[in-house]
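*Asks:* Anchor point for the sequence shown: position 188 equals 308 in this note's numbering, and the numbering is continuous, going up by one each time.
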Amino acid sequence: IYLSLYLFIVKSLRSEYLLKSKMNYLVTIFSIFIFFPNHSGADSCNLPCGIAPGFNFTDPYTLSSGNNLLKDWPPKDESGNINAVIEIPAGRTEKWEVDKAEGNLKWDFKKGRPRVLKYIGYPGNYGMVPQTLLSKESGGDGDPLDIILLGPPIDRGEVATAKLIGVLKLEDDGEQDDKLIAIQFNSPLKKADSIEELDERFPGISRIMELWFTNYKGNGEMESKGFGDLEEAEKILNKASMQYQKSLSNK
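Written as structure tokens, this is what we have:
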């Protein structure tokens, strides 16, 4: 159906001038239809994973739901489970992230082009914890705290809750770039309550994550400082939450 729609639009643009001026835009829109089909469901999605309900493209590289994904949710829900805004569904390579200024989802650009990783897709659902900040002043990268959710793919833009079990401690060009690790409640891994239990019950998963994050940017770009337990992950989360609140008071 998308191919038919694409061919119909191209045929309707009979003028050579219009074809030249509109072709790049049409190719972009066509790519969005193919690679970002709309699926529903808060816990998981059908592959290829799509866009969470309520989101619309304001331009080919921006998704908005009317909510501020950075400000409108707390770091944890009422039950104490961690909240995560999914920026990149498991298995995907398109590098989207929450825009700190507006709270929308934007496709990251590199060298003037939408960024797509030249590597295998993310080993879990990747995103950020709302109302958090790893400040530059504290040695961070100036972005919200990253998190990876282990379980079935989740739609881009979904705010999902999960069980925090630990943290993968990373440095990116000397800056703190830790990744909290959490398990989705619909995941076959949900019985693991710690990194240690994850390794015992499901050998290899933590190693896969560490190998992926220390290699996807290229050899030597990311450095692993090992894994931290739940207590250390909670300390990093609390500190990032405090840094975010402090940044609001400084504005």
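Don't be surprised by glycine CBs; every beta carbon is placed ideally from N, CA and C. Just so you know, these numbers come straight off a predicted model, no measurement behind them.
So, at 7 Å on beta carbons, what are the nonlocal neighbours of Y336 in its own chain, with the 5 sequence-adjacent residues on each side left out?
*Replies:* L237, Y239
*Asks:* Pop quiz: E217 and E207 are said to be a contact at Cβ under 8 Å. What is the actual Cβ separation, rounded to whole angstroms?
*Replies:* Taking C-beta atoms under 8 Å as the contact rule, E217 and E207 qualify, at a distance of about 5 Å.
*Asks:* Contact check, D292 vs D266 under 8 Å by CB: the rounded distance?
*Replies:* Not confirmed; about 10 Å, so no contact.
*Asks:* Following the continuous alpha helix (DSSP H) through Y382, name the residue where it begins and the one where it ends.
*Replies:* Residue 382 lies beyond the stretch modelled for the chain, which goes from 121 to 371, so this question has no answer here.
*Asks:* Using DSSP bridges, identify the partner residues of D292.
*Replies:* E295, M342
*Asks:* Beta-carbon within less than 7 Å of E352's beta-carbon, same chain only, minus the 5 sequence neighbours each way: which residues are those?
*Replies:* V287
*Asks:* If you draw a straight line from the alpha carbon of E341 to that of E330, how long is it in whole angstroms?
*Replies:* 13 Å
*Asks:* Output the distance between the C-alpha atoms of I301 and D179, rounded to the nearest integer angstrom.
*Replies:* Taking the straight line joining both Cα atoms gives about 32 Å.
*Asks:* Using 8 Å as the Cβ pair cut-off and three pairs as the minimum, do the region 302 to 318 and the region 278 to 287 touch?
*Replies:* yes
*Asks:* Would you tell me roughly how many angstroms separate the C-alpha atoms of Q363 and D349, rounded to the nearest one?
*Replies:* Q363 and D349 have their C-alpha atoms spaced approximately 21 Å apart.
*Asks:* Looking at P272: is its Cβ nearer than 7 Å to the Cβ of P209?
*Replies:* no
*Asks:* Once DSSP output is grouped into helix, strand and coil, what is the label at K220?
*Replies:* Here K220 sits in coil by DSSP.
*Asks:* How would you call P195, buried or exposed, if buried means at least 16 neighbouring beta carbons within 10 angstroms?
*Replies:* buried
*Asks:* Assuming the contact rule is C-beta atoms closer than 8 Å, L269 and Q304 should be a hit. Round their C-beta distance to whole Å, please.
*Replies:* 5 Å
*Asks:* Excluding five sequence neighbours on each side, which residues of the same chain lie with their C-beta closer than 6 Å to the C-beta of D228?
*Replies:* K215, E217, R235
*Asks:* By Cβ distance below 8 Å, which residues in the same chain neighbour D319 in space, the five residues on each side in sequence not counted?
*Replies:* Cβ neighbours of D319 beyond the five flanking positions: I325, S326.
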